[in-house]
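The block underneath contains the structure these notes are about, expressed in structure tokens.
In UniProt numbering, the protein residues as written are 1 to 248.
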């Protein structure tokens, strides 16, 4: 029996050591033994380039590398916070950077993986930023800037994002139903897994002639982690205490 794990939106940040320790404990105590671990975006609260690693980032990379060396394949998708994760990070952590979206198979079932932000089409302001931030030319221009400039830009973007979100209605920041239908039909799948919205749940999606499942991963905060687990037969969405991981 194979085990596949899906997590997202850990938002690792040096100034939030409890969540970081919880993630390290997850890699040490809960993830080992799984065949695959998929991290569907926003592993880090921010990433300004593979050349900007300090002791905090190095500790995370080492833990990912250890899990990989134990036999768990680690797959990392870019999120809206860490879209500058690059090949050096992947090589050092022994992980695989995967596209958004990515199509995989769980047994014989095709499954579509996404971060989820591209489905938030009711927020044109964000979609405009996303198109810019995912443009390779824009990314190369940012990575060419001195480290201090990139740090300042990251702080500015984080502040602007928080201010903008505080003014938006909740439904605008959620996925658009039409976008979900479009992507399911485009890829001809009946199972979609994503994060980004911080609204963990399992949704039935009416396709007219069929029904699909949309699994939404939760964000990690306030001593709570979220995981979607496939045990070879079924998918189960679980929350767990981060501080209990070493003792579970």
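We treat Cβ as the ideally placed atom computed from N, Cα and C, and that holds for glycine.
Beta-bridge partners of residue 96 (DSSP): 75. Going by DSSP, residue 55 is part of the alpha helix (DSSP H) stretching over 55 to 69. Taking residue 88 as the centre and dropping the five residues before and after it, the same chain places the C-beta of 50 closer than 7 Å to its C-beta, in chain order. The Cβ-Cβ distance between residue 5 and residue 25 does not fall below 9 Å.
Counting along the chain, residue 203 sits inside the beta strand (DSSP E) bounded by residues 201 to 206. When beta bridges are read from the DSSP output, residue 216 appears opposite 194, 201.
Look at residue 18 here: in three-state DSSP terms it is helix.
For residue 110, the beta-bridge partners assigned by DSSP are 105.
In terms of Cβ geometry, residue 151 and residue 52 form a close pair [threshold 9 Å]. Going by DSSP, residue 47 is part of no alpha helix (DSSP H) at all; its letter is neither H nor E. One Cα belongs to residue 242, the other to residue 221, and the distance between them is close to 9 Å. In the pairwise beta carbon analysis, the stretch 63 to 82 is classified as touching the stretch 38 to 49: at least three pairs are separated by under 8 Å.
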